[in-house]
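Protein chains in written order, with the numbering used here: chain H, 1 to 354; chain W, 1001 to 1492.
Think of the CB as a built atom: it goes at the ideal place given N, C-alpha and C, for glycine as much as any other residue.
Working notes, structure below.
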Amino acid sequence: MSPPLLGVVEEEGQSNVTLLASPASAESVCLNGLGLKERNYMGSAVSAASDERKTSLNLKATELRLGLPGSQSPERNPELSLLSSAQFDEKPFFPLHPSNDGHYSTQKNVVSGNKRGFSDAMDEFSESKFLSNSEVNAMLSPRPSSNMGLKPGMLENLGVQQAKVKEIVAPKAGQERSHAANETRPPHNSSANNSSAPAPKAQVVGWPPIKSFRKNSLATTSKNTEEVDGKAGPGALFIKVSMDGAPYLRKVDLRNYSAYQELSSALEKMFSCFTIGQYGSHGAPGREMLSESKLKDLLHGSEYVLTYEDKDGDWMLVGDVPWEMFIETCKRLRIMKSSDAIGLVSLPNMKHPT
Amino acid sequence: MNYFPDEVLEHIFDFVTSQRDRNSVSQVCKPWYKIESSSRQKVFVGNCYAISPERVIERFPGLKSITLKGKPHFADFNLVPPDWGGFVYPWIEAFARNNMGLEELKLKRMIISDECLELISRSFANFKSLVLVSCEGFSTDGLAAIASNCSFLRELDLQENDVEDHRGHWLSCFPDTCTSLVSLNFACLKGDVNLAALERLVARSPNLRSLRLNHAVPLDILQKILMRAPHLVDLGVGSYVHDPDSETYNKLVTALQKCKSVRSLSGFLEAAPQCLSAFHLICPNLTSLNLSYAPGIHGTELRKLIRHCRKLQRLWILDCIGDEGLEVVASSCKDLQEIRVFPSDPFVGNAAVTEVGLVALSSGCPKLHSILYFCQQMTNAALITVAKNRPNFTRFRLCILDPTKPDAVTNQPLDEGFGAIVHSCKGLRRLSMSGRLTDRVFLYIGMYAEQLEMISIAFAGDTDEGMQYLLNGCKKLRKLEIRDCPLAMQRF
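So, in structure tokens, the structure goes:
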């Protein structure tokens, strides 16, 4: 549990409820003392499709919202936002993030609603499980009888408030951790103006519900399509660069460079690590770090030539055509050993006209 | 029936194949339980932590085929921490230790390591089928082990897995004696494959019916493969980029003319759409088309392609098809049963389809019963029309990219629209909702959605009353996915 939140709990005090006696053990007290049976995911019943209820206990929500005159004390926010970066830490408990306080700071009646709500709710804790969301405070009380605890009016007030809610998750449930931190969320209230631009969608975790595999594929595919089509437009133009003898290839964005010289230097830097061995094998003393100048000598010597594959699939020597034409036709680069480059016009060095 | 000898009962039970039915059979009486358990060969475990491998082995000693599901559905959307679990190793280790004759393994959302794959390949002599869906934790080295050691491998099906690519030559690891392949799907692999090995493998697999290639297989190889495998039923094109005037393209056309059995087409992972006309030959016979990974195919080329697909039953597409494209689908694909429209630009959050496309589909496709629809906006009027047009929906999943967006015209919550859906579609089993929704929608769902088994809710509802309506009303509910809803839930 995060210390800042514990601090918050202590401040709030409203301790008609002994459950909150010691913040440090608050969680365990809340969970165990309430007679809640932890449903261990391991122990749930076999069935052809077992329940996959994504629920979470929102005990902390009640404590947090307890009785403070304002909706939240401002200093809590930074603490929580610090925690937000640790959303998927191993710790099972992590806070949801507050939504934009700005939207709801004018809801004054919420607070009194909270107070009542809280004490009502805590009485009935033993029966309850809660779902939470970062904006609304869900602690609604689960009276076992038909009266679900809080009066509807209260609930609406509560519903409006932005609360930091802490989600307590039973061990069974990794799935219960599903309330990952929402940094910002679109306003969610019948009285709020929904037609205004919502919070940036990218910040809502897990929405839209598309498999990450699909998202990543689409991102890569659109990049590749650009490469392949040789679209001369904005956006990167990544092409593969291979070097004979290197264990893996690299990719460079040709749009980062405006001349052959720049490309040449970049490649030298990128592939310097692979030539250390060769250098060593040429009798150089030990495996000293290759300096750029030594590498240049190596590359500019007769050791390697830079070639490219053009749109027709032919291997050409880099440097013959103007740069703009080059980047339009180049599909991949290969740093070839001079000894292999017999078919191409061999130049003793790689100094190309810019 | 108690007077029948066990062998007769066993024989009768062989005709009972569905998991649910077999579960029911086993609950009739003790003798039936014993016979059913000892004769069951296919086991389905919906939650890998629900039962221990030892218990499964004990109960089903004749187990040959097992399906295991690990992480919950929300894991697909990064809503579950990465260390949640779902490791299959304990299962495989237990099966190996107990000398189970495992032949088929299907995993969904689980973690499987290379060591585990190797263990599988060494422990089960008759191992025939490996299907991995949305799994992770392994690399091409593990695949190499499977390829090398499973002499009777029929199926290697990798769907949307996160595979570490070591650029190994796993395809070359299939021995020359391996001629049993029926299905090979490696579309999700990111790296290069040994193309010569692939060609040889296809050439020596006369039973190959399903082949899905990854992006690293270029057109000229595709053409050669098709020449060698004209009996393919399911084809996943890898890379489809070429020059329409080239020799290769002409050869491809010739090859496609011979492929009269292709019923399912997918892939086009890198596509230059100008030359899709080669595939117009195949389209008239297609029942399944998946272009959801082909953002390069859109506009007129896409519509032309779809117009040829008169027998299509299943279509997975990107929203760049647009409402007009969906109208083409509605007018051309009268046999359509399932459609999924995915957003092509999930990061920016702009979908290119709206309620117009949905209404068109509902009115044009009389057999449509399953839909997943990512859209920019929705209206109650549209949903009500859809409900009237298409009361036969069994799966209705609507995802508005802005999750709490109300009716685009009236600004009202979408309660009435979804209410109409559940009221009209009496057979609805699965529902996903989005948009601005209050407790009212749950009232409707509780009242009308009697067959509902799975529901996904996000950012919906106001109070716990909503949950009460839902849980009291939907007696058949098995799976409930909720995120970010202000609803309290009483334990039940």
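Residue closest to residue i, alpha-carbon to alpha-carbon, out of the options
i, options, result
"serine 212 of chain H", "W:Lys1260, W:Cys1135, W:Pro1090", "W:Cys1135"
"alanine 1294 of chain W", "W:Gly1267, W:Thr1379, W:Lys1069", "W:Gly1267"
"alanine 1147 of chain W", "W:Asp1014, W:Asp1407, W:Leu1119", "W:Leu1119"
"leucine 1452 of chain W", "W:Arg1436, W:Glu1481, W:Met1100", "W:Glu1481"
"glutamate 405 of chain H", "H:Pro322, H:Val241, H:Arg255", "Missing from the structure shown is residue 405 of chain H; chain H here goes from 1 to 354 and no further."
"leucine 1443 of chain W", "W:Thr1410, W:Asn1472, W:Lys1388", "W:Asn1472"
"arginine 1390 of chain W", "W:Met1378, W:Thr1410, W:Pro1406, W:Ala1360", "W:Ala1360"
"tyrosine 1240 of chain W", "W:Tyr1089, W:Phe1004, W:Leu1276, W:Asp1335", "W:Leu1276"
"arginine 1228 of chain W", "W:Lys1258, W:Arg1212, W:Leu1213, W:Pro1218", "W:Lys1258"
"glutamine 1223 of chain W", "W:Val1237, W:His1215, W:Asn1214", "W:Val1237"
"methionine 270 of chain H", "H:Gln261, H:Lys251, H:Asn256, H:Tyr257", "H:Lys251"
"isoleucine 1321 of chain W", "W:Lys1367, W:Leu1291, W:Leu1181, W:Asn1047", "W:Leu1291"
Closer than 8 Å to chain W by CB, residue i
i, result
"asparagine 157 of chain H", "Note that asparagine 157 of chain H has pLDDT 41, beneath the 50 cutoff, so the model's placement of it is unreliable and no number is given."
"lysine 211 of chain H", "yes"
"proline 322 of chain H", "no"
"valine 252 of chain H", "no"
"tryptophan 207 of chain H", "yes"
"serine 339 of chain H", "no"
"leucine 218 of chain H", "yes"
"valine 228 of chain H", "Interpretation of valine 228 of chain H is limited by its pLDDT of 47, a score under 50 that renders its predicted location unreliable; the figure taken from the coordinates is listed afterwards. Yes, contact with chain W."
"arginine 214 of chain H", "yes"
"valine 204 of chain H", "yes"
C-beta neighbour in chain H for residue i, strict 8 Å
i, result
"glutamate 1155 of chain W", "no"
"asparagine 1078 of chain W", "yes"
"glutamine 1053 of chain W", "Here the sequence assigns proline to residue 1053 of chain W, which means glutamine is not the residue at that position. Chain H, which has no Cβ nearer than 8 Å to the Cβ of proline 1053 of chain W, makes this no."
"phenylalanine 1013 of chain W", "no"
"proline 1295 of chain W", "yes"
"cysteine 1135 of chain W", "no"
"leucine 1470 of chain W", "no"
"phenylalanine 1074 of chain W", "yes"
"cysteine 1283 of chain W", "no"
"proline 1343 of chain W", "yes"
"proline 1061 of chain W", "no"
"phenylalanine 1396 of chain W", "no"
Boundaries (first-last residue) of the alpha helix (DSSP H) holding residue i
i, result
"isoleucine 1421 of chain W", "1415-1424"
"glycine 1466 of chain W", "1464-1473"
"alanine 1387 of chain W", "1380-1389"
"asparagine 1149 of chain W", "1140-1149"
"serine 1037 of chain W", "1030-1039"
"tyrosine 1249 of chain W", "1247-1258"
"lysine 1042 of chain W", "Careful: lysine 1042 of chain W lies outside any alpha helix (DSSP H), inside the beta strand (DSSP E) at 1042-1045."
6 Å Cβ shell around residue i - same chain, five flanking residues per side excluded
i, result
"cysteine 1399 of chain W", "Phe1374, Ser1434"
"threonine 1438 of chain W", "Pro1413, Asp1415, Asp1462"
"leucine 1201 of chain W", "Phe1174"
"alanine 1387 of chain W", "Ala1420, Ile1421, Ser1424"
"valine 1356 of chain W", "Asp1323"
"histidine 1280 of chain W", "His1308"
Other residues of its chain near residue i: CB distance less than 7 Å, five sequence neighbours each side excluded
i, result
"serine 1331 of chain W", "Gly1364"
"lysine 1106 of chain W", "Thr1067, Val1131"
"aspartate 1484 of chain W", "Ala1458, Phe1459"
"serine 1370 of chain W", "Gln1337, Glu1338, Thr1394, Arg1395"
"valine 228 of chain H", "With a pLDDT of 47 at valine 228 of chain H, under the threshold of 50, the modelled position of that residue is not reliable, and the figure given next carries that caveat. Within the same chain, valine 228 of chain H has no close Cβ partners at all."
Span of the beta strand (DSSP E), counted from its first residue to its last, around residue i
i, result
"lysine 1108 of chain W", "1104-1108"
"glutamine 1159 of chain W", "1155-1159"
"valine 1441 of chain W", "Valine 1441 of chain W -> not in any beta strand (DSSP E); alpha helix (DSSP H) instead, spanning 1439-1448."
"methionine 243 of chain H", "238-243"
"glutamate 1453 of chain W", "Counting along the chain, glutamate 1453 of chain W falls outside any beta strand (DSSP E), and DSSP gives it neither H nor E."
"asparagine 1023 of chain W", "Segment 1019-1026 is the alpha helix (DSSP H) holding asparagine 1023 of chain W; no beta strand (DSSP E) there."
"aspartate 1162 of chain W", "1162-1164"
8 Å Cβ shell around residue i - same chain, five flanking residues per side excluded
i, result
"tryptophan 1084 of chain W", "Lys1071, Ala1075"
"tyrosine 1033 of chain W", "Ser1026, Gln1027"
"leucine 1232 of chain W", "Leu1208, Arg1209, Ser1210, Leu1211, Leu1226, Cys1259, Ser1261, Val1262"
| Segment contact flag, the region 1401-1414 of chain W with the region 1380-1389 of chain W, C-beta cutoff 8 Å, min 3 pairs | The region 1401-1414 of chain W makes contact with the region 1380-1389 of chain W, as at least three CB pairs between them are under 8 Å.
| query | Below 8 Å, can you find three or more Cβ-Cβ pairs linking the region 1400-1407 of chain W to the region 1421-1430 of chain W? | reply | no
| Is the number of C-beta pairs between the region 1184-1199 of chain W and the region 1166-1174 of chain W that are closer than 8 Å three or more? | yes
| message | Counting beta carbon pairs with one atom in the region 1050-1062 of chain W and one in the region 1006-1025 of chain W, are three or more of them shorter than 8 Å? | response | Between the region 1006-1025 of chain W and the region 1050-1062 of chain W there are fewer than three inter-stretch CB-CB distances shorter than 8 Å, so the stretches are not counted as touching.
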